[in-house]
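Protein chains in written order, with our numbering: chain A, 62 to 170; chain B, 62 to 170.
To keep things clear, I will list the structure first and then write my remarks on it.
Protein chains: 2
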Amino acid sequence: MTTPLPKKLVRGSTSGVAIMAVFDLLGRKWNMRIMWELNTASLSFRALQEQCDGMSPSVLNTRIKQLTEAKLVYTTSEGYKLTELGLSLMNTLNPLRDWAAEWEEEIKQ
Amino acid sequence: MTTPLPKKLVRGSTSGVAIMAVFDLLGRKWNMRIMWELNTASLSFRALQEQCDGMSPSVLNTRIKQLTEAKLVYTTSEGYKLTELGLSLMNTLNPLRDWAAEWEEEIKQ
DNA sequence: ATAGTCCGCTACGAAATAAGTAGCGATTGT
DNA sequence: ACAATCGCTACTTATTTCGTAGCGGACTAT
């Protein structure tokens with residue numbers, strides 16, 4: 062006699078806590094990758110597209126809009142750059158690189 | 062006269078570095094969320110589904126398979142749990158919670 | 001034994017998102 | 001003037017995710 066699942070809910074969305082909004086944003090294809098590339102260097106639209114394995118420009122365009130809206134990225138005459146917020150996010154995400162290396166070791170077996 | 066975009070490439074995929082594979086995995090809807098919930102408590106299929114805002118069971122099922130394949134999650138009689146690797150991933154991802162809080166402050170303006 | 005309930009999970013059509021390609025108008029270089 | 005490149009949009013196709021119904025197994029109550 063547990064409570065049945067609620068019939069309608071805002072799904073996969075910012076229900077309550079801030080971290081959920083982060084999952085929504087980063088849990089979308091390309092967003093982490095774009096941030097990662099921009100953390101290495103600020104890039105023009107075409108350059109960013111190339112860095113991201115030639116991802117389609119239509120998607121790149123909407124991603125840039127999202128990330129700009131989220132105040133993680135901004136546009137300059139020299140290309141797209143990370144904001145302070147964007148940089149701080151990439152700092153917290155930085156340990157992922159090392160974890161990824163360990164994980165790769167463990168997984169190829 | 063820059064090199065034109067290569068016509069075909071494995072896109073959004075593990076081209077070279079380990080971190081790209083991580084982006085592929087975590088850059089999918091629900092994966093981070095599932096890991097996050099399992100980091101708090103080990104949960105049965107139905108319970109996990111409820112925690113994740115009632116996400117569809119078909120997707121949950123494929124996600125569990127992926128995460129199991131990736132050696133981040135395993136199945137027990139008491140429900141799904143994080144492996145050591147999964148736990149270490151959540152540790153590196155933990156600072157995200159604080160960042161999310163700061164970000165929420167900055168963004169609601 | 002039978003019927004009811006809950007479980008993990010699958011099947012399958014509908015909706016949403018991403019990919020792929022062509023090309024426009026603006027700018028830059030020759 | 002001309003060609004090349006740029007950022008970006010429009011549009012079609014492919015892939016992913018949702019939503020719902022329901023199967024077979026385990027457990028329980030009658």
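Note that beta-carbon positions come from the ideal geometry of N, C-alpha and C, so glycine has one too.
{"Check": "Residue-chain proximity (Gly88 of chain B, chain A), Cβ-Cβ < 7 Å", "Outcome": "yes"}
{"Check": "Residue environment, Gln170 of chain B, which counts as buried when at least 16 other CB atoms sit within 10 Å", "Outcome": "exposed"}
{"Check": "Three-state secondary structure (DSSP) of Gly73 of chain B", "Outcome": "Here the model assigns Gly73 of chain B a pLDDT of 44, short of 50, so the residue's position is not dependable, and the following value carries that caveat. Coil at Gly73 of chain B, not helix or strand."}
{"Check": "Closest by C-alpha distance to Glu145 of chain A, when choosing among A:Leu121, A:Val134, A:Glu165", "Outcome": "A:Val134"}
{"Check": "Beta-carbon proximity list for Leu128 of chain A, same chain, < 6 Å, skipping 5 on both sides", "Outcome": "Val134"}
{"Check": "Neighbouring residues, chain A, relative to Ser149 of chain B (Cβ below 8 Å)", "Outcome": "Trp160, Glu163"}
{"Check": "Simplified DSSP state of Val134 of chain A, which is helix, strand or coil", "Outcome": "strand"}
{"Check": "Three-pair Cβ contact test at 8 Å for the segment 86 to 106 of chain B versus the segment 147 to 163 of chain B", "Outcome": "yes"}
{"Check": "Residue range of the alpha helix (DSSP H) that includes Leu87 of chain A", "Outcome": "79 to 87"}
{"Check": "Ala102 of chain A at chain B interface by Cβ criterion, 7 Å", "Outcome": "no"}
{"Check": "Outcome for Val78 of chain A when other beta-carbon atoms lying within 10 angstroms are tallied against a minimum of 16", "Outcome": "exposed"}
{"Check": "DSSP three-state assignment for Lys126 of chain B, whether helix, strand or coil", "Outcome": "helix"}
{"Check": "Below-7 Å beta-carbon distance, Leu66 of chain B vs any chain A residue", "Outcome": "Its pLDDT being 38, under 50, Leu66 of chain B is placed unreliably in this model, and the value from its coordinates should be taken loosely. By this cut-off, Leu66 of chain B is an interface position."}
{"Check": "Cα-Cα separation between Lys132 of chain B and Ile168 of chain A, rounded to whole angstroms", "Outcome": "7 Å"}
{"Check": "Three-state class that DSSP yields for Ile168 of chain A in the structure shown", "Outcome": "helix"}
{"Check": "Range covered by the beta strand (DSSP E) that runs through Gly140 of chain A", "Outcome": "140 to 143"}
{"Check": "Distance between beta carbons of Cys113 of chain B and Ile95 of chain B, contact taken as under 8 Å", "Outcome": "6 Å"}
{"Check": "7 Å Cβ shell around Gln110 of chain A - same chain, five flanking residues per side excluded", "Outcome": "Met116, Pro118, Leu121"}
{"Check": "Cross-chain neighbours of Leu157 of chain A in chain B, by beta carbon under 8 Å", "Outcome": "Ile80, Val83, Thr153, Leu154"}
{"Check": "Proximal residues of chain A, C-beta to C-beta of Glu167 of chain B below 8 Å", "Outcome": "Lys132, Leu146"}
{"Check": "Proximity test, Leu157 of chain A beta-carbon vs the ligand ATP heavy atom, cut-off 6 Å", "Outcome": "No copy of the ligand ATP appears in this structure; indeed no ligand is present at all."}
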